[in-house]
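So for the sequence shown, the UniProt record's numbering puts the first residue at 1; every next one is plus one.
All C-beta atoms in this analysis are idealised placements derived from N, C-alpha and C, irrespective of residue type, glycine included.
Model, not experiment: these values are computed from the prediction.
For reference, the structure discussed in these notes is given below.
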Amino acid sequence: MSNPTSVLLVDDHQLIRDGLAGVFDLEDDMTVVGVAGSVAEALAKYDELEPSVVVADLQLQDGTGLDIIRAIRRKSQTTGLVVLTMHSGDEQIFAAMEAGASGFVGKDAPSGEVVKAARHSAVSPRSFVCAGLVGAMMRRTAAGSTKLSEREHEVLLLLADGLGATAIGEKLFMSESTAKSHIARIYQKLGASNRAQALVTAMRIGLLSSVRQTNS
């Protein structure tokens, strides 16, 4: 049997930390290696314990869970990072996604959802899961902030074909820097930090009906 996934829990309320620890202790494939009550303590514990997954509350006394997410993501692309919050509005979802989180769970969700998000984040730390993501993206689309220009949509289709900025520039007769600018705007509009997140989000909200297969 493989070693259980190590988890660091961050919340400024001991009752919630203890409750979450009890939930994770029931899972054979997960083990809580430490707890923290602040951003500073969490980052110190992360360096000390090197957990596979960090589950962090959004609101902390000396900052936010997003401060933790950003700091750890600068150091590691393989750590699973889950945001747990009482405030699960669209802006919080997009902020967590853009910070590099692996998952986002509201505190009103069943405890099993936290475990499920932690388990996902350990396997796919750079793909974002959130029960409310599709609805949030649809509302953003309805507000017009996700609408891509015709040129951006052409670039998106080529990204889906697996092309990079240089090849996209050659295909669309533009400079590589212009292609990179289009890609950056697409990521920004979709709230994505990489190609995979952009394509998944685009498919979820109907900007891509499917990933095309071409010989290019």
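D11 places its beta carbon less than 8 Å from that of D57.
Between V82 and A118, the C-beta gap is smaller than 8 Å, which places the two residues in contact.
If you draw a straight line from the Cα of G22 to the Cα of K45, it comes to about 19 Å. If you draw a straight line from the Cα of V155 to the Cα of L66, it is about 30 Å long. Closest by C-alpha distance to Q61, out of G19, N3, G37, is G37. As for any alpha helix (DSSP H) of minimum length 4 sitting wholly inside the UniProt domain "Response regulatory" (6 to 122), the runs are 14 to 25, 39 to 49, 65 to 75, 90 to 99, ordered along the chain. Separation of E50 and G164 (C-alpha to C-alpha, rounded to the nearest whole angstrom) is 33 Å. Excluding five sequence positions before and after R17, the CB atoms of its chain that fall closer than 6 Å to its own CB belong to L9, D11, V35, given in chain order. When DSSP reads this structure, V155 sits in no beta bridge, so it has no partner. The residue from G132, S121, A167, I168 with its alpha-carbon nearest to that of I205 is G132. Here G103 is buried: its Cβ has 16 or more other Cβ atoms, across all protein chains shown, within 10 Å. DSSP links V200 through a beta bridge to no other residue.
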